[in-house]
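Enquirer: My questions all concern the structure below.
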Amino acid sequence: MYRKSLIGGRKMQKTKVHVQGTEQFFMTSKHNRRYRIMVYRPQQEAPASGFPILYVLDGNAFFTTVTDAIRLQSRRSDKTGVVPTVVVGIGYDSEEPFDKNRFYDYTVAPAEDQVSSKFTRKMDDEQGGANEFLMFLQEELKPKIERELAIDSEKQAIFGHSLGGLFVLHALFTQTSLFQTYIAGSPSIHWNQVKLSQEEEHFIQNNCDEKVSILIGAGELEGEHHSKMLMNARELAQRLQQLKHARVEAYEFPDENHISVVLPLINKAIRFCSDDWKL
Numbered sequence: 019m020y021r022k023s024l025i026g027g028r029k030m031q032k033t034k035v036h037v038q039g040t041e042q043f044f045m046t047s048k049h050n051r052r053y054r055i056m057v058y059r060p061q062q063e064a065p066a067s068g069f070p071i072l073y074v075l076d077g078n079a080f081f082t083t084v085t086d087a088i089r090l091q092s093r094r095s096d097k098t099g100v101v102p103t104v105v106v107g108i109g110y111d112s113e114e115p116f117d118k119n120r121f122y123d124y125t126v127a128p129a130e131d132q133v134s135s136k137f138t139r140k141m142d143d144e145q146g147g148a149n150e151f152l153m154f155l156q157e158e159l160k161p162k163i164e165r166e167l168a169i170d171s172e173k174q175a176i177f178g179h180s181l182g183g184l185f186v187l188h189a190l191f192t193q194t195s196l197f198q199t200y201i202a203g204s205p206s207i208h209w210n211q212v213k214l215s216q217e218e219e220h221f222i223q224n225n226c227d228e229k230v231s232i233l234i235g236a237g238e239l240e241g242e243h244h245s246k247m248l249m250n251a252r253e254l255a256q257r258l259q260q261l262k263h264a265r266v267e268a269y270e271f272p273d274e275n276h277i278s279v280v281l282p283l284i285n286k287a288i289r290f291c292s293d294d295w296k297l
C-alpha cells in the first residue's frame, strides 16, 4: 500500500520499513495470554545441525535491535565471531516497548516488602505468572518454532533485561535444561529476592554438574540505584562462578544506566552466545 506525502515540496511514495528475513504472528497460550511473536531467519543456508536460536524477552523493545546486530555482524563471522542465528522476540499486542503484562509474565510472586514505594504503581499490576509463561515457552512456543525452522537443539539461548532478567534467572534455576545459554541484563533481583534465593540454592545443590553458560550484565551507574541492582547482580555472579561446570561471566558497563546499558549488553550477549556455539 502506497501513500503520498509532501516532503521538500515534492510528492513522494512511502512504504513501511521492513527488516529483511523477519515476520510476526500472534499466539494465545493455554492460559489465555496473547503474545506477539517476531521471528528473524538468517538468509544463509542452515547448518546440518540447524541454526542456533536466541529468544528475546520484551520483544516489542528489543527484537529489531538484536536482529540487526546479528544480521549485520554475521555477514562476516570470520571477522566478528558472530554466527547466523534465528531470533525470536516475544512481545505483546501493543505498540508500547514495554507492556504492563510483563509484570505478570516475568515475576514469580508479587513484589516483596523490600521493593521501594517508588514502584507502588507497578505493584498494582497483576504479578506472579512466571511459571505459566515458562510453560508457554516450553510446551507451546519452542515446539512451534522447531517444527517450522531448522533449529539446533543444543544451541539455544534466552535474553532478558530488568524484569526480563529476573525471569531469565528463574528459568535458569528451575528449568535449567530448557536453554544452554542464559543472558540476564540488569536483573530485578530485588523484586522477588527471597523466592529467587530459594530457587538459586536449590539450583546450586542439584545442578552442580549441569553444563550451562550464564552472562550477567549491568551498568556502572546502576550502582546508584536504590534497589541495589548492581550489587545484587555482582554478588549473584560471584556465587555462580563457583560452579565447576558452568561458564559464568559478569560485566559492568562503564558510564551506562538501566536503559542505556541495553545496547552494549546486546552486542556482548550475541558474541557470548556465538562463542558457545562455535565450540
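The sequence shown begins at 19 in the numbering used here and counts up one residue at a time.
Even glycine gets a Cβ: it sits at the ideal position worked out from N, Cα and C.
According to DSSP, simplified to helix, strand and coil, what is PHE116?
Expert: In this structure, PHE116 counts as coil in the three-state DSSP scheme.
Enquirer: Are the CB atoms of ALA175 and ALA64 within a distance shorter than 9 angstroms?
Expert: Result no, Cβ atoms of ALA64 and ALA175 do not sit closer than 9 angstroms.
Enquirer: Does DSSP classify TYR124 as helix, strand or coil?
Expert: Coil, per DSSP.
Enquirer: Closer than 6 angstroms by C-beta to GLY237: which residues in its own chain qualify, once you throw out the five before and the five after it? Chain order, please.
Expert: The residues are PHE271, GLU274, ASN275 and VAL279.
Enquirer: Looking only at C-alpha atoms, which of SER245, MET45, SER95 and TRP209 sits nearest to PHE121?
Expert: Nearest C-alpha to PHE121: TRP209.
Enquirer: Tell me the residue span of the beta strand (DSSP E) that contains LYS173.
Expert: Segment 169 to 179, the beta strand (DSSP E) holding LYS173.
Enquirer: Can you name the start and end residues of the beta strand (DSSP E) that LEU301 belongs to?
Expert: The chain is shown from 19 up to 297; residue 301 falls before or after that span and cannot be answered.
Enquirer: Please specify which runs of the beta strand (DSSP E), each continuous and at least 3 residues long, are wholly inside the region 42 to 112, giving them in chain order.
Expert: The qualifying runs are 52 to 58, 69 to 75 and 104 to 109.
Enquirer: When you compare the region 191 to 198 with the region 145 to 164, are there three or more beta-carbon pairs, one atom per stretch, that lie closer than 8 angstroms?
Expert: The answer is yes - the region 145 to 164 touches the region 191 to 198, with three or more Cβ pairs under 8 angstroms.
Enquirer: Got a sec? Which residues, its chain only, sit under 8 angstroms from ALA127 by beta carbon, not counting five neighbours each side?
Expert: So the qualifying residues of the chain are GLN145, GLY146, ASN210 and LYS213.
Enquirer: Could you check if THR82 is buried or exposed, using at least 16 other CB atoms within 10 Å of its CB as the buried criterion?
Expert: When all chains shown are included, THR82 counts as buried.
Enquirer: Could you tell me if THR103 is buried or exposed, where buried requires 16 or more neighbouring beta carbons within 10 angstroms of its beta carbon?
Expert: Its Cβ being crowded by 16 or more others within 10 Å, THR103 is buried.
Enquirer: From which residue to which residue does the alpha helix (DSSP H) around ILE234 run?
Expert: No alpha helix (DSSP H) holds ILE234; the beta strand (DSSP E) holding it covers 230 to 237.
Enquirer: Assess contact between the region 255 to 262 and the region 217 to 237, defined as three or more Cβ pairs (one per stretch) separated by less than 8 angstroms. Is contact present?
Expert: The region 255 to 262, when compared against the region 217 to 237, does touch it at the 8 angstroms Cβ threshold.
Enquirer: Can you tell me which of HIS179, ALA264 and VAL230 puts its alpha carbon nearest to the alpha carbon of PRO9?
Expert: Residue 9 is absent from the structure shown; the chain starts at 19 and stops at 297.
Enquirer: Alpha carbon to alpha carbon, how far is GLN31 from ASP143? Give it in angstroms, no decimals.
Expert: The straight-line gap from Cα to Cα measures roughly 43 angstroms.
Enquirer: Can you tell me which of the three DSSP states PHE290 falls into?
Expert: Helix at PHE290.
Enquirer: Compute the distance between the beta-carbons of SER4 and GLY68, then report whether it is under 9 angstroms.
Expert: The first residue shown for the chain is 19 and the last is 297, placing residue 4 beyond what the model contains.
Enquirer: Going by DSSP in three states, ILE201 sits in which element: helix, strand or coil?
Expert: Strand.
Enquirer: Determine the direct distance from the alpha carbon of GLN156 to that of ASP294, and round the result to whole angstroms.
Expert: The straight-line gap from Cα to Cα measures roughly 22 angstroms.
Enquirer: Assuming PHE1 and ILE201 are in contact, meaning their beta carbons sit under 8 angstroms apart, how far apart are those beta carbons, in whole angstroms?
Expert: This structure does not reach residue 1, given that the chain is present from 19 up to 297, and the question cannot be answered.
Enquirer: Compute the Euclidean distance between the alpha carbons of SER245 and GLU219, then round it to the nearest angstrom.
Expert: Spanning the two alpha carbons is a distance of roughly 22 angstroms.
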